[in-house]
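Using this note's numbering, the letters of the sequence shown correspond one by one to residues 8 to 254.
A virtual CB, placed ideally from N, CA and C, is assigned to each residue, including glycine.
Predicted, not measured: the structure shown is a model, and the values here were computed from it.
Below is one structure, written out as C-alpha cells; the observations come after it.
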Amino acid sequence: MATLGIWKLIDLGLNLFNHKLRLLPFTVSIREKALHLQPMSKIRRYFLKLCTLCVVFHTLVSLTFLCKPIFVKPERTDSTEGSVRVVRFFMLVLSTLFPPAFLAMSYAISFTPEVAVIIINCIAQFQHETKELIGTLKAQNYFAAELAIQLMIWVAIPISFSAPVALAYLKLDPLHLLFNNEENNLKIQMLLRSMILIVVGLDVAKAAIAFFLVGMMVTCSMNDILEGLGKSNVHTNFVTRLKEINL
Numbered sequence: 008m009a010t011l012g013i014w015k016l017i018d019l020g021l022n023l024f025n026h027k028l029r030l031l032p033f034t035v036s037i038r039e040k041a042l043h044l045q046p047m048s049k050i051r052r053y054f055l056k057l058c059t060l061c062v063v064f065h066t067l068v069s070l071t072f073l074c075k076p077i078f079v080k081p082e083r084t085d086s087t088e089g090s091v092r093v094v095r096f097f098m099l100v101l102s103t104l105f106p107p108a109f110l111a112m113s114y115a116i117s118f119t120p121e122v123a124v125i126i127i128n129c130i131a132q133f134q135h136e137t138k139e140l141i142g143t144l145k146a147q148n149y150f151a152a153e154l155a156i157q158l159m160i161w162v163a164i165p166i167s168f169s170a171p172v173a174l175a176y177l178k179l180d181p182l183h184l185l186f187n188n189e190e191n192n193l194k195i196q197m198l199l200r201s202m203i204l205i206v207v208g209l210d211v212a213k214a215a216i217a218f219f220l221v222g223m224m225v226t227c228s229m230n231d232i233l234e235g236l237g238k239s240n241v242h243t244n245f246v247t248r249l250k251e252i253n254l
C-alpha cells in the first residue's frame with residue numbers, strides 16, 4: 008500500500024517544489040492521506056504553463072539540430088575538437104529524448120492539475136475499500152525505493168541550477184547553435200541560455216519526481232492489495248466474493 012513514507016516523500020517534494028520554488032499547485036495532508044489542489048493566481052498558472060512550453064520548445068530545437076545533418080551536409084570546422092563534438096552530440100541526443108519522457112506528467116501538472124488530485128486520492132480511497140474487504144492489509148517494507156526517491160528529490164534541485172550554467176558556459180547545450188556567438192553578446196547569450204535551461208531542468212525534474220512518486224504509489228498499492236486479496240481467497244464465502252467482484 009501507499010506507506011506513510013511515500014506520503015512523507017510527497018510532502019517533501021511539495022515543500023521543495025511548491026513552497027520554495029512555487030512550481031507545483033498542490034498541498035498534501037499526511038494525516039488524511041489526501042492531495043489537495045491549491046488556489047493559484049493567473050500569473051502563477053500561466054508561468055507553470057510557460058515552463059511546460061519551454062520544455063516543448065527546447066525539445067523541438069534539439070530535435071531540429073539532431074536531424075539537420077540528415078538533410079543538410081554539415082560544414083567542416085577544424086576549430087572544434089573531436090571530443091567536444093562527441094560531447095555536444097551526446098547532449099543533443101539526451102536533450103531530444105529525456106525531457107519528452109516526462110512531458111505528459113508536466114502537461115498534467117501545468118494544464119490539468121485536477122487530474123493528478125483525482126488519481127492520487129482514488130488510490131487512497133481504493134486502499135480504504137480494500138481494507139474493509141480484507142480486514143487487515145499488511146504493508147510491505149519499501150525502504151530502498153523510498154530512500155532512492157528521497158535522494159532523487161534532494162539532488163534534483165541543485166543539479167537543475169548548476170548543470171544548465173555549466174552547459175551554457177561550455178557551449179554544450181543545443182541552444183548555443185541558435186546564436187551567432189559574437190564576442191560582444193556572449194555574456195547576454197550565456198545568461199539567456201542559462202535561464203531557459205534552468206526553467207527546462209526544473210520542470211523536467213519536477214515532472215520526473217512526480218512520475219516516480221505516482222508510479223511507486225500505484226505499484227506498492229497494487230502489490231499489497233493483490234497479495235491481500237490472494238490470502239483472503241483461502242477462506243471466502245459468497246458475500247465476500249460479491250464484494251471482491253464489486254471492488
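Residue range of the alpha helix (DSSP H) that includes residue i
{"i": "V172", "result": "F150 to L177"}
{"i": "H65", "result": "K49 to F78"}
{"i": "L11", "result": "L11 to L21"}
First through last residue of the beta strand (DSSP E) which encompasses residue i
{"i": "V35", "result": "F33 to S36"}
{"i": "H183", "result": "Segment: none, H183 is in no beta strand (DSSP E) and carries neither H nor E."}
Sub-8 Å separation of residue i and residue j beta-carbons
{"i": "A131", "j": "A41", "result": "yes"}
{"i": "N230", "j": "Q147", "result": "yes"}
{"i": "A115", "j": "A123", "result": "yes"}
{"i": "A7", "j": "I203", "result": "This structure gives no information on residue 7, because the portion of the chain shown stretches from 8 to 254."}
{"i": "I156", "j": "L16", "result": "yes"}
{"i": "L209", "j": "L60", "result": "no"}
{"i": "A212", "j": "S167", "result": "yes"}
{"i": "M98", "j": "D18", "result": "no"}
{"i": "I13", "j": "E153", "result": "yes"}
{"i": "L31", "j": "L21", "result": "yes"}
{"i": "F33", "j": "Q45", "result": "yes"}
{"i": "L182", "j": "V79", "result": "no"}
{"i": "F118", "j": "K75", "result": "no"}
{"i": "C58", "j": "Y149", "result": "no"}
Where residue i falls: helix, strand or coil (DSSP)
{"i": "A6", "result": "Absent from the structure is residue 6, since the part of the chain shown begins at 8 and ends at 254."}
{"i": "L44", "result": "strand"}
{"i": "D85", "result": "Interpretation of D85 is limited by its pLDDT of 48, a score under 50 that renders its predicted location unreliable; no figure is taken from the coordinates."}
{"i": "F105", "result": "coil"}
{"i": "L28", "result": "coil"}
{"i": "Q147", "result": "coil"}
{"i": "T293", "result": "One cannot answer for residue 293 here, as it falls past the ends of the chain, which runs 8 to 254."}
{"i": "E136", "result": "helix"}
{"i": "E234", "result": "helix"}
Assumed close pair residue i, residue j - CB separation to whole angstroms, cut-off 8 Å
{"i": "S102", "j": "V62", "result": "That pair is no contact at about 10 Å."}
{"i": "A9", "j": "M159", "result": "Between M159 and A9 the Cβ distance is about 18 Å, and since that is not below 8 Å, they are no contact."}
{"i": "P165", "j": "I205", "result": "With 8 Å as the limit, P165 and I205 do not qualify as a contact, their Cβ atoms being about 12 Å apart."}
{"i": "H65", "j": "V207", "result": "5 Å"}
{"i": "V100", "j": "L73", "result": "7 Å"}
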